[in-house]
Amino acid sequence: MSVIKLSSCTIQGMYAPEVHVEVDISSGLPSFTIVGMPDTSIRESRTRVRSAIINSGFEFPSGCITVNLSPADIPKQSSRFDLAIALGILIASEQITPSESFMKQQFTKLLFIGELSLTGVIQPVQSSLIMAFSHRRRQKDAILVLPKENIPQASLVDNLNLVGVSHLNDIAQQLHHNTLELSDHCFQHQSERPTSLCYSDIRGQNIAVKAMEICASGGHSILLSGTPGVGKSMLAQRLPTILPNLSNEDFLEVQAIHSLSLQTKPLDYLRPPFRSPHHSTSAVALIGGGVTIRPGEISLAHHGTLFLDELPEFPRNALEALREPLETGEIHISRSKMQLSFPARFQLVATMNPCPCGYFGSKTKTCRCRPEQVQKYKQKISGPFLDRIDLLLNLHTPKDTWHDLPRAETSDAIRERVLACRTKQIHRQSCLNAQLPNQHPALELDTPTKNHFSQLCRHFNWSMRTAERLLRIARTISDIHNHAFIQTDDLNEALSFRGDI
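The numbering of the sequence shown is full-length UniProt numbering, which starts it at 1 and goes up by one.
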């Protein structure tokens with residue numbers, strides 16, 4: 001029989017380029033060769049495929065079997081090619097005989113994905129959502145054949161036909177009889193998970209709660225500094241409670257990123273992700289990479305929050321690596337064999353103590369640090385990194401006792417205002433204020449406000465980046481106050497949230 005050609009795919013970052021699996025069986029000494037830049041897991045598939053075919057009741061051909069994965073210049077990895085290789089061998093050896101018309105009409109639409117066990121059971125694979133997205137973009141009326149366990153995630157993609165299989169015999173019989181059993185599974189969003197966290201738990205930090213509302217409304221980043229126990233972590237951990245649900249498009253993108261990670265389970269609800277890595281996290285774990293390039297914490301926090309507690313304790317190179325994604329919303333990772341990009345539009349919330357002992361400037365406890373220790377501690381965070389953080393806020397311990405302090409507003413009340421403010425921004429400029437271009441009309445000032453802003457820039461000697469960020473914060477504040485244009489009071493309020501850390 002002529003060379004059999006089936007389609008599968010490999011993963012390159014957020015994309016799944018198509019890979020053609022060509023199978024040829026010729027006379028000669030028995031051999032089984034896979035070419036086309038396969039890695040170790042693909043070369044090992046020879047053993048899995050052989051056992052799966054035999055244990056599924058078929059005969060393994062005794063001729064010279066050559067499997068070519070093309071194009072050859074694309075690095076290929078993972079065991080997801082097992083199913084396509086096994087089916088190609090069975091068709092080439094005429095143990096499965098689909099009609100010529102079926103092969104011409106359907107095989108161009110089919111994409112086969114699945115790892116085989118030695119008994120022929122088809123095991124689930126990672127990143128099925130990315131493969132489903134890519135196949136739908138490439139092919140009209142696309143059909144994806146994949147393990148049944150991957151159907152729920154792949155069903156998130158609209159206008160894509162899915163065939164879920166659990167054993168090699170299942171799909172072999174369907175192809176042999178020129179039929180495909182399409183799945184009718186529909187993904188069901190789960191209801192929002194209840195949380196016990198609420199901003200009303202916080203007392204005596206109304207200004208800080210207001211700062212968190214500004215961050216949530218405009219997508220801004222913030223650094224909170226203060227003595228231990230002042231409420232920095234409480235404020236940061238409650239930010240997700242005032243963020244609106246993800247849109248369907250953003251939800252799918254977050255799901256796709258999480259499907260690439262070995263350490264995390266894909267999200268099953270519409271809430272934005274919240275990532276809180278430990279301060280001992282390496283730069284690779286934070287930004288992504290590794291031998292097999294995978295997304296890091298900043299990409300797993302895409303469309304959500306990245307909480308860095310005890311910011312100066314993080315490795316300096318890890319923090320410096322955040323400068324690019326804070327500006328561009330994506331991270332580029334280069335290796336000798338490939339260059340990949342991952343989205344990283346996260347909202348940074350960081351906390352820190354003012355000194356190593358934590359009590360510099362405290363009115364209740366005496367700081368034990370020498371001046372040079374305090375300076376060295378603050379120098380762990382570089383100026384260019386601080387310049388990329390929108391809000392810098394120093395928290396102070398309230399004078400009154402905890403029980404006498406008023407509670408902050410509930411998260412539900414704040415969340416309603418945040419949703420209204422974000423809706424206004426999306427309608428006006430199709431993005432949040434934190435992503436506004438510098439010359440956008442929404443940032444224009446009238447003459448008195450422009451003169452006041454110029455005076456502030458000269459007085460504080462701001463860099464251009466700092467001035468632009470302050471203007472975006474003022475735009476968010478003006479949206480909260482329902483001002484059509486940025487006013488002088490909005491600028492002054494924005495300035496109050498740009499403290500000296």
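Every residue, glycine too, gets a C-beta built ideally from N, C-alpha and C.
- Per DSSP, the continuous alpha helix (DSSP H) segment holding residue 383 begins and ends at 383-387.
- By the C-beta criterion, the stretch 94-111 is judged not to be in contact with the stretch 68-82, since fewer than 3 inter-stretch pairs fall below 8 Å.
- Residues of the same chain with a CB within less than 6 Å of the CB of residue 432, apart from the 5 flanking positions on each side, are 218, 219 and 425 in chain order.
- Beta-bridge partners of residue 334 (DSSP): 339.
- Around residue 150, the same chain offers 113, 124, 125, 128 and 164 as residues with beta carbons nearer than 8 Å, after the five sequence neighbours per side are excluded.
- Beyond the five residues adjoining it in sequence on each side, residue 17 comes within less than 7 Å, by CB distance, of 9, 10 and 74 in the same chain, given in chain order.
- CA-CA distance, residue 414 to residue 169, rounds to 56 Å.
- 7 Å or more divides the Cβ of residue 31 from the Cβ of residue 82.
- Unbroken beta strand (DSSP E) runs of no fewer than 3 residues, entirely contained in the stretch 133-216, are found at 143-147 and 161-165, following chain order.
- Under the 10 Å beta carbon count, residue 347 is surrounded by 16 or more other beta carbons and is classified as buried.
- Looking at 427, 224 and 323, the one whose alpha-carbon comes closest to that of residue 442 is 427.
- In terms of CA proximity to residue 21, 6 leads the group 15, 491, 12 and 6.
- Apart from the 5 residues on each side of it in sequence, residue 214 sits with its Cβ closer than 6 Å to the Cβ of 476 in its chain, given in chain order.
- A straight line joining the alpha-carbon of residue 366 with that of residue 307 spans about 29 Å.
- In this structure, residue 279 lies near residue 314, with their beta-carbon atoms less than 7 Å apart.
- If you look at residue 491, you'll find it in the alpha helix (DSSP H) that goes 488-496.
- 243 is the residue among 4, 462, 183 and 243 whose C-alpha sits nearest the C-alpha of residue 212.
- Going by DSSP, residue 350 is part of the beta strand (DSSP E) stretching over 347-352.
- Distance from the Cα of residue 294 is smallest, within the candidate group 13, 4 and 3, for 13.
- Distance from the CA atom of residue 204 to the CA atom of residue 160, rounded to whole angstroms, is 53 Å.
- Annotation for residue 96: no beta strand (DSSP E) segment contains it, and DSSP assigns it neither H nor E.
- Where residue 107 is concerned, there is no enclosing alpha helix (DSSP H), because DSSP gives it neither an H nor an E.
- An exposed status is given to residue 439, since fewer than 16 other beta-carbon atoms sit within 10 Å of its beta-carbon.
- Counting other Cβ atoms within 10 Å of its Cβ, residue 484 stays below 16 and is therefore classed as exposed.
- Around the beta carbon of residue 40, fewer than 16 other beta carbons sit within 10 angstroms, so the residue counts as exposed.
- When the beta-carbon positions are compared, residue 172 and residue 116 stay at least 7 Å from each other.
- Looking at 495, 147 and 436, the one whose alpha-carbon comes closest to that of residue 328 is 436.
- Take residue 311, set aside five residues on each side of it, and the residues of its chain with a beta-carbon closer than 6 Å to its own are 350 and 352, in chain order.
- 7 Å or more divides the Cβ of residue 63 from the Cβ of residue 4.
- Counting along the chain, residue 460 sits inside no beta strand (DSSP E); it lies in the alpha helix (DSSP H) bounded by residues 447-460.
- A residue is called buried when at least 16 other Cβ atoms come within 10 angstroms of its Cβ; residue 384 does not meet this threshold and is exposed.
- The straight-line gap separating the alpha-carbon atoms of residue 495 and residue 370 is approximately 30 Å.
- The residue among 236, 140, 167 and 147 with its C-alpha nearest the C-alpha of residue 158 is 140.
- Residue 5 carries a strand assignment under DSSP once its states are collapsed to helix, strand and coil.
- Residue 344 and residue 182 have their C-alpha atoms spaced approximately 35 Å apart.
- For residue 20, the enclosing beta strand (DSSP E) begins and ends at 18-26.
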